[in-house]
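Heads up: the protein sequence lines correspond to chains W and E, in order. If you read the first sequence in the numbering used here, its first letter stands for residue 37, the second for the next number, and so on. If you read the second sequence in the numbering used here, its first letter stands for residue 4, the second for the next number, and so on. Every residue, glycine too, gets a C-beta built ideally from N, C-alpha and C. All of these numbers come straight from a predicted model, not from anything done at the bench.
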Amino acid sequence: MSALTTFIKSLVITAVIALVGGGLFLYSGLYPMGADVPHNRLTYWLLETLRERSVARAASDIKVPGDLNAPERLLAGGADYNDMCAGCHLKPGKTESDFTLGLYPAPPNLTLAGDEHGHEHTGDTENDDEAIKRQFWIIKHGIKASGMPAWGPGHDDERIWNMVAFLKRLPELSPDQYQILTARGQDSEGHGH
Amino acid sequence: MNMKTLATIIVFSTLGIAFSAQAHEPKEHMKDAEKPDCAAMKNMDHSKMDMNDPVMQAMMKQCMNDTHNNDSEKDQAQADHQDNEKSSGEQHSEHQH
């Protein structure tokens with residue numbers, strides 16, 4: 037009985053010390069918040085795991101449309117990608133921008149295949165499907181404290197799926213192909229021909 | 004709150020919502036819209052082009068739209084030119100009389 041009481045007391049004391057210590061560290065202002073100082077490995081792992089698990093859970097029920105390969109989707113999504121995303125996520129022939137240099141975490145270079153920008157999601161259909169759902173969810177809802185905005189409030193699901201369709205093919209595009217697909221042209225208003 | 008104040012609030016908030024939605028329309032991006040550089044397609048390796056590939060189909064579609072527009076512009080310019088010639092011809096014949 038006394039051993040159990042001692043154990044519970046030790047547990048409570050440890051918890052109180054951890055809480056007080058955590059609070060003191062929080063209020064001390066010692067943690068570097070500048071985007072030019074990377075997180076330590078533990079913080080980075082904690083935040084990345086939290087993000088990836090949260091997105092995977094939230095995106096699991098999304099239904100992927102069957103016509104993602106339609107040329108109309110590539111044209112509509114390409115024009116939106118160029119206007120809304122290329123500044124941070126780059127386009128063929130560009131390797132950096134002020135945003136990729138300054139944002140932390142650095143936005144992934146989406147002109148590279150998934151495994152080249154840090155996500156192992158190419159090669160098998162199940163992983164591709166998960167990657168597509170993940171991209172849709174991230175474009176729609178954004179990521180807290182990362183610089184990635186939620187595009188959902190101003191863009192309907194169809195428009196977001198068009199961007200996902202374009203992202204699927206983006207790593208294969210040459211600069212010339214990219215220019216043709218993303219130019220809004222003269223009558224490409226929404227590309228709804 | 005009287006009806007006039009309520010109506011003013013409703014009108015302004017509706018306008019605010021309408022304008023904020025409009026800002027995300029593709030039309031908003033048309034001001035600085037780049038035209039597709041379809042001439043670059045001629046320099047691409049045609050042996051590697053697959054007509055069943057959605058990227059290829061999308062490029063063809065984009066460039067067909069562009070060619071169509073250019074043709075329409077040319078037709079319009081030609082029509083304008085013919086109208087100008089016609090009207091200047093009429094003016095010329097009036098001067099002769």
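Pairwise C-alpha distance: residue j and residue i
i	j	result
Thr158 (chain W)	Asp164 (chain W)	Reliability fails at Thr158 (chain W), whose pLDDT of 44 lies under 50, so the model's placement of it is uncertain and the value that follows must be treated cautiously. The straight-line gap from Cα to Cα measures roughly 6 Å.
Asn76 (chain W)	Cys124 (chain W)	24 Å
Ala26 (chain E)	Ser46 (chain W)	Its pLDDT being 49, under 50, Ala26 (chain E) is placed unreliably by the model, and nothing is read from it.
Asn198 (chain W)	Thr131 (chain W)	24 Å
Met59 (chain E)	Arg195 (chain W)	21 Å
Asp103 (chain W)	Leu110 (chain W)	11 Å
Ile183 (chain W)	Thr41 (chain W)	The sequence given here places Gly at residue 183 (chain W); Ile does not occur at that position. If I take the Cα positions, the gap works out to 49 Å.
Tyr140 (chain W)	Lys127 (chain W)	19 Å
Thr136 (chain W)	Ala142 (chain W)	5 Å
Unbroken alpha helix (DSSP H) run spanning residue i, endpoints
i	result
His191 (chain W)	Where His191 (chain W) is concerned, there is no enclosing alpha helix (DSSP H), given that its DSSP letter is neither H nor E.
Lys45 (chain W)	Ser38 to Ser64
Ala115 (chain W)	Pro107 to Met120
Arg87 (chain W)	Arg77 to Ala95
Pro211 (chain W)	Pro211 to Thr218
Gly138 (chain W)	Asp134 to Gly138
Amino acids of chain W, ordered along the chain, whose beta-carbon sits closer than 7 Å to that of residue i
i	result
Lys45 (chain E)	Within chain W, no residue comes near Lys45 (chain E); the closest Cβ sits about 10 Å away, beyond 7 Å.
Status (buried if at least 16 other CB within 10 Å, exposed otherwise) for residue i
i	result
Glu97 (chain E)	Residue confidence is low: Glu97 (chain E) scores 49 on pLDDT, short of 50, so the model does not pin down where it sits. Its coordinate-derived value is still stated next. Classification of Glu97 (chain E): exposed, given that the 10 Å Cβ count is below 16.
Trp81 (chain W)	exposed
Thr85 (chain W)	exposed
Ala201 (chain W)	buried
Gly138 (chain W)	exposed
Gly114 (chain W)	buried
Met54 (chain E)	exposed
Asp223 (chain W)	A caution first: Asp223 (chain W) carries a pLDDT of 45, below 50, which makes its placement in the model unreliable, though a value can still be read off. Result: exposed.
Phe172 (chain W)	buried
Neighbouring residues, chain E, relative to residue i (Cβ below 7 Å)
i	result
Asp165 (chain W)	Ordered by position in chain E, no residue passes the 7 Å Cβ test against Asp165 (chain W), which lies about 18 Å from the chain.
Gln171 (chain W)	Chain E residues near Gln171 (chain W): none, gap ~17 Å exceeds 7 Å.
Asn105 (chain W)	Pro57
Chain E contact residues for residue i, given Cβ-Cβ distances below 8 Å
i	result
Leu111 (chain W)	Ala61, Lys64 and Gln65
Asp212 (chain W)	Asp40, Ala43, Met44, Asn46 and Met47
Ala219 (chain W)	Ala36, Glu37, Lys38, Pro39, Asp40 and Gln65
Residues in the region 47-60 of chain E with C-beta within 8 Å of chain W's C-beta atoms, listed in sequence order? Contacts with chain W (Cβ-Cβ distance below 8 Å) from the region 47-60 of chain E involve Met47, Pro57, Val58 and Gln60, listed in chain order.
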